[in-house]
Every structure is written in C-alpha cells, then in structure tokens.
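Here the structure comes first, spelled out in structure tokens, and everything after it is commentary.
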Amino acid sequence: MIIFVFLFMSFILSCHSALNDSISIPICPESFSCPNFATFKYPFYNVTDARCGLIKVQCNSEGGEIQIGEKRYEIVGKFDSSSSVTIRNITLEKLVNHTSCEALMNNFTSPNPLLYSISIAPFLTLFKCTKNTSYAYFNQPNYNSHNTCKNYNFYYDDHSVSNATVPSDLPRTCEVVQLPMIGGSVFSYHTTTIFSLLSSRFPSISISLTRSCEKCHNKGGRCHANKGQFQCFCDKTETGRHLMPVILLLGNLSSPSIFVALTILIFINNDIYRTLSALGAGTVMILFIIILCLKKKYRWGEKAEYNVNVEIFLKNQEFLAPKRYSYSQIKKMTNSFEVKLGQGGFGSVYRGELSGGNLVAVKILSELKGNGKDFVNEVASVGRTCHVNIV
C-alpha cells in the first residue's frame, strides 16, 4: 500500500508539473509600435514566441510587414489602437497589372477560424467554377463573367460586388473567392473588366476574435490553437490566483475494514477541465488496479481459510481412510466428465472408472461456501455410506 501511495503521488505531481509547463507563457509586452504607425496590441505581436499573439508584425525602419497565415503583407497604414489595419500585397499588385489569372486564385480567408476571423472592405466576391459547370443562376443580366482562364470561369454580380448573395444550391464545382477591390469604384457592365476592379491594397482589414478567444483574452489569457484544438494560456502572474482543492476518495473496497482515502491539494489554473480530465483518467485506472488487487487478496484469504477447514476435517476423520485424487486423475477416470449421471446438491455427478475396473460416481462441487462447509458435509455423508463403489 505504501508503494501505491508513492506511485499515485508521483503520478499526480508529474501531471500537475506537466500541465503547469504547458499553460504558462513568457512575459509578453502589452503593446508595441512600428515607425509611422499607431500602437499595436493583442492579437498582434512582434516577439519570437508565437504564444504572445495571433498575427505577427515585423517592424522595420520604413514601417513594417504583417504575416497572416503563410503570406506576408506590407503595412500601409494604422491610425488608431484598434485591430484594423491597411495592408498591401505587392505580389498581387504585379499579377493584377499583368492581368494574370493567378491573381483570381488568391482567396483571402482567415487562416485560423478557431481563433479569429478577418473581414476586408471593400471586397469583390467572385464565383470560381470549373469549365464544365453549367449553372443558370449566372445567366442573370446583372452577372458578368471572365472566361479566359485555363481551367476556370469566374462570375460576379456587377451591381452588388461586395454584397453578392451566395446561392444555397451553389454547385460543388464552384467556390467563393473574395479579393480586395478599389474603394468607391463605380463601373459599367459593358466597359469594366474584372482586373480593373481589383486592388493590391486592402483598405481596411479588421481582426475579430472568436467568442472563446475573446473570453480567454478578457480573463488575462491568450488564445492558441494546437493540432486543431483551442487552448487558453494564462500569464504566470495569473496562475496563482486560481487555486482549487481536489479531494480524491478511493472508495470503500471489498471490506468495511479496507478504506483508502487520499486528500490532495492540487493547484489548478484557468484550464480546469483539461487538468481534471488528465487526473480523472489516471485515477480511474489506479482505482481499477486497486480493486483487482484487493479482490484477489480477499479471495486468497477465503481460499486459505477454506483449505484450513478442510484439512482439519480430514485429519479428524482418519477412520474414513479418505484417498485423494488430483484433478487430472479425476478427469482421466471420468473421460473428461463425458457421462453425467445426475445433478446433486451443490454440483453434478459423473460416471467414472478406476484403474482396477471399478465403476465409481464422481461428484464435482460447483457452488462452495467460503469456509468449505459444503465439501466437509459431502465427505462426511458419503463416508457414512457403505458401498463397494464408494472410494
């Protein structure tokens, strides 16, 4: 039992230590500045540890760059402390100037919808469909198309380019593409080309935290996504404020005299559910092992008591001259219990034959009381019977 307590405590402490290591984060600056721009705050960050923010900003002497997903954009303007910023994509600008179809493939979406969403204004909504797609919806008078690309046709509503309705029955061979467009542009259905609407500058990029991420941030934590799972990290200064005593009672096992109770004070931070899940899984496993061990021990004690009672009886009944047979001998003389003669009290009776040819009846007790009284009574009853086939 002492070994178990030691192992259990080691398990708890290792879990607690591992969880604390995973939830603590380095000290992150509340804000930072790049030349010529207003102050940046969370979710932006400019340090090497990505856990300090969601969108990385690299400042330089002329301003800075912003990284959204795997793409980098030049920061053009930031005029207040909000999460809105104006950016520019030089690669997109070159593609638009050369009327390259590749410019229409650069769909701008939030790289991590678990943590935040990105909205751009104004933007052009395009429907990119494979060449063999036939969809009557795009035959409306207000829809224009661009059909010169190799594998795709592009459709857009020239009357409401930014607020185009996405049809509920849009074919699977089509997808929605959103790209920045020139602000305040007014164009004609007959004269405007799709590239004349596009802009390499994103006039207004707004970052909106998801509800879970915003709740985490308001409590002093920082959001993070790990393998598709949302996580909330707490500052080291906040960890000590959230203490919770957890009492683990390992139940009344097998006997009223056996009771194991462990009271452990576990320091749990904001991520309470994850901590309890880790501890709960280990606790259930340990409880299962304890029950098996105690049950086996209890049965062994009963078996020992039973053997003692039987041995005492046989010793006191020497006049019966009882002869012992092993289970393998019994199995052999009954031909593996082939012929069943009947059912007696607490067991079945089988036909057997001794090596000398004598036929015998073999009774197998299947329902024993813990102290061996059944066996004792059966032997005493048979011993008082005088018959040639009773051995």
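Residue numbers (mature numbering (1 follows the signal peptide of the UniProt record, and there is no 0)): -17 to -1, 1 to 374. In this text, a Cβ means the ideal position worked out from N, Cα and C, and glycines have one as well.
Taking residue 207 as part of the beta strand (DSSP E), name the residues at either end of that continuous run.
Position 224 of the sequence shown holds residue 207. Per DSSP, residue 207 belongs to the beta strand (DSSP E) from 204 to 209.
Neighbourhood of residue 137 by C-beta distance below 6 angstroms, restricted to the same chain and skipping five residues each side:
Numbered from its first residue, the sequence shown carries residue 137 at position 154. Sequence-distant Cβ neighbours of residue 137 in its own chain, meaning closer than 6 angstroms and more than five residues away, are 87, 109, 111, 129.
In chain order, what residues of the same chain lie with their CB nearer than 7 angstroms to the CB of residue 46, ignoring the 5 residues before and after it?
The residue you call residue 46 lines up with position 63 of the sequence shown. Closer than 7 angstroms at Cβ, skipping near neighbours: 17, 18, 19, 20, 58.
Less than 7 angstroms between the beta carbons of residue 79 and residue 216, yes or no?
Residue mapping note: residue 79 aligns to position 96 of the sequence shown, counting from 1. Residue mapping note: residue 216 aligns to position 233 of the sequence shown, counting from 1. Contact flag unset, no.
Enumerate, from N- to C-terminal direction, the unbroken alpha helix (DSSP H) stretches of 4 or more residues contained entirely within the stretch 101 to 175.
Listed in chain order, there is nothing to give.
Excluding the 5 residues flanking residue 4 on each side, which residues of the same chain have their C-beta closer than 7 angstroms to its C-beta?
Taking the first residue of the sequence shown as 1, we reach residue 4 at position 21. Here the model assigns residue 4 a pLDDT of 43, short of 50, so the residue's position is not dependable, and the following value carries that caveat. Within the same chain, and ignoring the five residues on either side of residue 4 in sequence, no residue has its Cβ closer than 7 angstroms to its Cβ.
Report yes or no: do three or more beta-carbon pairs, one from the stretch 114 to 131 and one from the stretch 60 to 70, lie closer than 8 angstroms?
Counting Cβ pairs under 8 angstroms, fewer than three are found: no touch.
Assuming residue 377 is part of the alpha helix (DSSP H), what are its boundary residues?
For residue 377 there is no data in the structure shown, the boundaries of the chain being -17 and 374.
Buried or exposed by the 16-neighbour rule on C-beta atoms within 10 Å, applied to residue 31
Along the sequence shown, one-based indexing puts residue 31 at 48. Exposed, by the Cβ-count rule.
Go to residue 315, then tell me how far its alpha helix (DSSP H) extends in each direction, as first and last residue.
Within the sequence shown, residue 315 is the residue found at index 332, counting from 1. Run containing residue 315: 310 to 316, per the alpha helix (DSSP H) assignment.
Taking residue 192 as the reference, which of 335, 306, 98 has the closest Cα?
Numbered from its first residue, the sequence shown carries residue 192 at position 209. Residue 98 is the option with its Cα nearest to residue 192.
To the nearest angstrom, how far is it from the Cα of residue 341 to the Cα of residue 334?
Here residue 341 corresponds to residue number 358 of the sequence shown, with the count starting at 1. Here residue 334 corresponds to residue number 351 of the sequence shown, with the count starting at 1. So the two alpha carbons sit approximately 11 angstroms from each other.
DSSP beta-bridge partners for residue 43?
Counted from its first residue, the sequence shown places residue 43 at position 60. Beta-bridge pairing links residue 43 to 46.
Looking at residue 195 and residue 102, is the spacing between their C-beta atoms short of 7 angstroms?
Counting from one through the sequence shown, the residue named residue 102 turns up at place 119. Counting from one through the sequence shown, the residue named residue 195 turns up at place 212. The answer is no: Cβ separation not under 7 angstroms.
Along the beta strand (DSSP E) that carries residue 331, what are the first and last residues, could you check?
Locating residue 331 in the sequence shown gives position 348, counting from the first residue. Unbroken beta strand (DSSP E) run through residue 331: 330 to 336.
Residue 41 beta carbon less than 7 angstroms from that of residue 91:
Counting from one through the sequence shown, the residue named residue 91 turns up at place 108. Counting from one through the sequence shown, the residue named residue 41 turns up at place 58. Residue 91 places its beta carbon 7 angstroms or farther from that of residue 41.
In angstroms, rounded to a whole number, what distance separates the CA positions of residue 186 and residue 269?
The sequence position of residue 186 within the sequence shown is 203, counting from 1. The sequence position of residue 269 within the sequence shown is 286, counting from 1. Here the alpha carbon of residue 186 sits roughly 59 angstroms from the alpha carbon of residue 269.
Please state whether DSSP places residue 77 in a helix, a strand or coil.
Walking along the sequence shown from the start, residue 77 turns up at place 94. Three-state DSSP puts residue 77 in a helix.
Among residues of its own chain, excluding the 5 on either side of residue 182, which ones have a beta-carbon nearer than 8 angstroms to its beta-carbon?
For this step, residue 182 is matched to residue 199 along the sequence shown. Same-chain partners within the cutoff: 79, 163, 164, 165, 166.
Give me whichever residues DSSP pairs with residue 184 in a beta bridge.
Here residue 184 refers to the residue found at position 201 of the sequence shown. Its beta-bridge partners are 71.
Examine chain B for any beta-carbon lying closer than 7 angstroms to the beta-carbon of residue 180, and answer yes or no.
In the structure shown, chain B cannot be found, because there is only a single protein chain.
Using a Cβ-Cβ cut-off of 8 angstroms (strictly less than) and excluding sequence neighbours within five positions of residue 133, which residues of its own chain qualify?
The residue given as residue 133 occupies position 150 in the sequence shown. Cβ neighbours of residue 133 beyond the five flanking positions: 84.
Can you give me the start and stop residues for the beta strand (DSSP E) that residue 197 sits inside?
Counting from 1 along the sequence shown, the entry for residue 197 is found at position 214. Where residue 197 is concerned, there is no enclosing beta strand (DSSP E), although the alpha helix (DSSP H) it sits in stretches over 194 to 201.
What are the partner residues of residue 57, as DSSP defines its beta bridges?
In the sequence shown, counting from the first residue as 1, residue 57 sits at position 74. Answer by DSSP bridge pairing, in chain order: 48, 71.
Please return the same chain residues whose Cβ sits closer than 6 angstroms to the Cβ of residue 147, not counting the five positions on each side in sequence.
The count along the sequence shown starts at 1 and reaches residue 147 at position 164. 108, 140.
Under the three-state DSSP convention, the category residue 11 falls into:
Working through the sequence shown from its first residue, we reach residue 11 at position 28. In the structure shown, residue 11 sits in coil (DSSP, three-state: anything other than H, G, I, E or B).
Since residue 325 sits in a beta bridge, which residues does DSSP pair it with?
Position 342 of the sequence shown holds residue 325. Answer is 332.
Which value, in whole angstroms, describes the spacing of the CA atoms of residue 208 and residue 81?
As a first step, residue 208 is located in the sequence shown; it is residue number 225 there, counting from the start. As a first step, residue 81 is located in the sequence shown; it is residue number 98 there, counting from the start. Taking the straight line joining both Cα atoms gives about 38 angstroms.
Report the partner residues of residue 25 according to the DSSP bridge assignment.
Locating residue 25 in the sequence shown gives position 42, counting from the first residue. Answer is none; residue 25 lacks a bridge partner.
Separation of residue 122 from residue 131, as counted between CA atoms:
Looking up residue 131 in the sequence shown gives position 148. Looking up residue 122 in the sequence shown gives position 139. Going by the C-alpha atoms only, they are around 17 angstroms apart.
Given a cut-off of 7 angstroms on the beta-carbon distance, is the pair residue 72 and residue 56 in contact?
Along the sequence shown, one-based indexing puts residue 72 at 89. Along the sequence shown, one-based indexing puts residue 56 at 73. Cβ atoms of residue 72 and residue 56: closer than 7 angstroms.
For the beta strand (DSSP E) that residue 345 lies in, which residues bound it at each end?
Reading the sequence shown from its first residue, position 362 is the one you call residue 345. Residue 345: member of the beta strand (DSSP E) spanning 342 to 348, first to last residue.
For residue 200 and residue 33, I'd like the C-alpha separation in whole angstroms.
Locating residue 200 in the sequence shown gives position 217, counting from the first residue. Locating residue 33 in the sequence shown gives position 50, counting from the first residue. Roughly 15 angstroms separates the two Cα atoms.
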